[in-house]
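Residue numbers (my numbering): 87 to 487.
What follows is one structure encoded as structure tokens, with my remarks underneath.
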Amino acid sequence: MRATTITFLLILTYTSGIAQTDLNKMGKSRTELADSINVFYKALFKSLKVGYLHRKSIDWKPLEDETYRNLQSYNDFNNSLKQITNLFDKIKASHCIVYRGDDRYTVTRKVISKDLYSAQWKIKYDSKPSFEVKVIDGKYGYILMPGMVFSDNSAEHMSNIAQPMYDEIVKVKTKYNIDGWIIDLRFNTGGNSAPMLLALYDFLGNTDIWGELDEKKKLVRKFKLSSGSYIQKSQTIASIKPSGKLLDKEKVALITGIFTGSSGEVTALAFKGRQNTIFIGENTLVGIGNVLIGPLTIGNNIIIAQYVVISGLNHDYESIDLPISAQPINKRPITIDDDCWIGANVVITSGVKIGKHCVIAAGSIVTRDVPPFSIAAGNPARIIKRYNPDKKMWDKVDQRG
């Protein structure tokens, strides 16, 4: 998942004719048009210099000079807003958005190859899926949490979005005996995470859910859920009316993918460290007879063969005055990065991280981290090969000593 950044949101709410109509058509002078454009971009630069996370690393003067030169070619205010994308591209402001009515201006989005997603996913995405709750096979709850983009960030508006979604989940948890829940974030392409987190309140309970870091990685803001309210410091951002028992100990599998946007990632991150939680990426195949116990994060394009045991839980045993069965269970998260192949009958113990594009040979017991682009085998598993990028081949690792 991408690193947490401060989200900068600028809402363009001009109501005068300057922002709504081509000034030339209104008989306005070229000077007045230029003034209106300059006023807006002056305000935009001021906001970026104050609120953009990486503002101190930007040389603003040449960037402003270039932007104002480019703006001289525009004959109306609407078209001049295209320069916002160019500006955001220059400073890599991937989480900055300007809204004007139904229009939004942000960075140029990368084109993702069709080879990286399935035809079934494309069909579902093209249908513009909305929030959905249903029961699969009579025992698994399924929640599709889509992206949610809107410009009205008032507490009332966000609460009105969250409450109906929460109520749909309550109906399912009340009517059915659910063995486990699937939360699908593959179609969550971005937006505001507040209604999403509130709708999922029962699964998270009363807890800190995420925070924001400054450029020195110092925590500057922390968000939490408490009694159905989404809170930052003492401010209630939005809220729902909870109903029935919490589901914060129930089994949950979160599915993310290559199109999961920042709000979907924030939603997924809120479940980090939660008991009985598994994160599963796109195009991941899990064989029969596997035992997967969270906290566990499985990346994209993973192959897990048959009868694999992966458990983030472990028994304490240190006290000789208590049976081991009576001693606490500790948890340490397991992470399997993208593009890995886990062979049959492998055991992966708590706290292990397996790097990108690794192979774990059948029957191995993995008790230590495996670095990216490695092949590990044995009990306990050892690195037997590593990829050499200079030679573009897999080199054997000398096991002597």
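Quick reminder that beta carbons are idealized off the backbone N, C-alpha and C, glycines included.
Everything numeric in this text was worked out from a predicted model, so none of it was measured.
Specify the secondary structure class of residue i as computed by DSSP and reduced to three states.
i: Gly-266; result: strand
i: Tyr-203; result: coil
i: Val-235; result: coil
i: His-401; result: strand
i: Asn-474; result: strand
i: Ala-356; result: coil
i: Tyr-138; result: coil
i: Gln-59; result: Residue numbering for the chain in the displayed model covers 87 to 487; residue 59 lies beyond these limits and cannot be assessed.
i: Ile-255; result: helix
i: Asn-60; result: Residue 60 falls outside the range modelled here, since the chain spans only 87 to 487, and no answer is possible.
i: Tyr-393; result: coil
i: Asp-481; result: strand
i: Gly-491; result: No statement about residue 491 is possible, as the shown extent of the chain runs from 87 to 487 and does not include it.
i: Thr-293; result: strand
i: Val-377; result: strand
i: Ile-440; result: strand
i: Ser-315; result: strand
i: Val-571; result: No answer is possible for residue 571: it lies beyond the span of the chain, which begins at 87 and ends at 487.
i: Ile-406; result: coil
i: Lys-196; result: coil
i: Ile-247; result: helix
i: Ile-177; result: helix
i: Lys-310; result: strand
Nearest to residue i by CA position, among the options, is which residue?
i: Cys-426; options: Gly-233, Ala-391, Asp-484 and Asn-376; result: Ala-391
i: Gln-169; options: Ile-123, Lys-210 and Asp-188; result: Ile-123
i: Pro-328; options: Lys-335, Tyr-316, Tyr-226 and Trp-146; result: Tyr-316
i: Ala-512; options: Lys-482, Asn-474 and Ser-450; result: Outside the modelled stretch of the chain, which goes from 87 to 487, sits residue 512, for which no answer is possible.
i: Asn-465; options: Lys-261, Trp-480 and Ala-448; result: Ala-448
i: Asp-175; options: Leu-283, Ser-159 and Thr-194; result: Thr-194
i: Lys-225; options: Gln-249, Asn-239, Thr-260 and Ala-241; result: Thr-260
i: Gln-321; options: Leu-130, Ala-241, Asn-400 and Leu-119; result: Ala-241
i: Ile-219; options: Val-197, Val-256 and Trp-207; result: Before going on, a small fix: residue 219 reads as Val here, not Ile. Of the listed residues, the one whose Cα sits closest to Val-219 is Val-256.
i: Thr-421; options: Leu-299, Trp-207 and Thr-383; result: Thr-383
i: Thr-117; options: Ile-144, Thr-153, Leu-157 and Leu-130; result: Leu-157
i: Gln-485; options: Lys-471, Asn-369, Ala-430 and Glu-152; result: Lys-471
Kindly identify the DSSP beta-bridge partner or partners of residue i.
i: Glu-218; result: Leu-230
i: Thr-363; result: Val-338
i: Leu-299; result: Leu-305
i: Ile-451; result: Val-433
i: Arg-468; result: Ala-463
i: Val-372; result: Ile-390
i: Thr-383; result: Phe-365 and Thr-421
For residue i, which residues from the same chain have a beta carbon less than 6 Å from its beta carbon, with the 5 sequence-adjacent residues on both sides left out?
i: Pro-419; result: Pro-381 and Gly-398
i: Thr-435; result: Thr-453
i: Leu-371; result: Ile-389
i: Lys-337; result: Gly-266 and Asn-362
i: Leu-333; result: Asp-288 and Phe-289
i: Trp-296; result: Phe-309, Val-352, Leu-355 and Ala-356
i: Asn-400; result: Asn-416 and Ser-436
i: Val-125; result: none
In its own chain, which residues sit with a C-beta less than 8 Å from the C-beta of residue i, not counting the 5 before and 5 after it?
i: Asp-424; result: Gly-367, Gly-385, Asn-386, Asn-387, Ile-388, Lys-442 and His-443
i: Ser-312; result: Asn-292
i: Ile-469; result: Val-456, Pro-457, Ser-460, Ile-461, Ala-462 and Val-483
i: Gly-233; result: Phe-273, Asn-274, Thr-275, Gly-276, Gly-277, Gly-347, Ser-349 and Gly-350
Note down, in chain order, each residue of its chain lying with its Cβ closer than 7 Å to the Cβ of residue i, except the 5 sequence neighbours on either side.
i: Lys-303; result: none
i: Arg-141; result: Leu-134 and Lys-135
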